[in-house]
Amino acid sequence: MHFYYSIDKVIFIQLTFLFLVILNKNKNKFKFLKSNVAFYL
Numbered sequence: 032m033h034f035y036y037s038i039d040k041v042i043f044i045q046l047t048f049l050f051l052v053i054l055n056k057n058k059n060k061f062k063f064l065k066s067n068v069a070f071y072l
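Numbering (my numbering), first residue to last: 32 to 72.
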């Protein structure tokens, strides 16, 4: 159960960061996020 909770927490943080990036419309941060997601996947 703890394993799935940790995964959910990481995904939540990633989605929150993505939302903030879209809100700021910062292309550099968006590219950084995409490379970050690719690294984790």
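Beta carbons are placed, not taken as given, at the ideal position from N, Cα and C, and that holds for glycine.
Annotated three-state conformation of K65 is helix, per DSSP. A direct Cα-Cα distance of roughly 17 Å separates F48 from S37. When DSSP states are grouped into helix, strand and coil, K40 belongs to the helix group.
Pairing S66 with L54, the inter-Cα distance amounts to about 19 Å.
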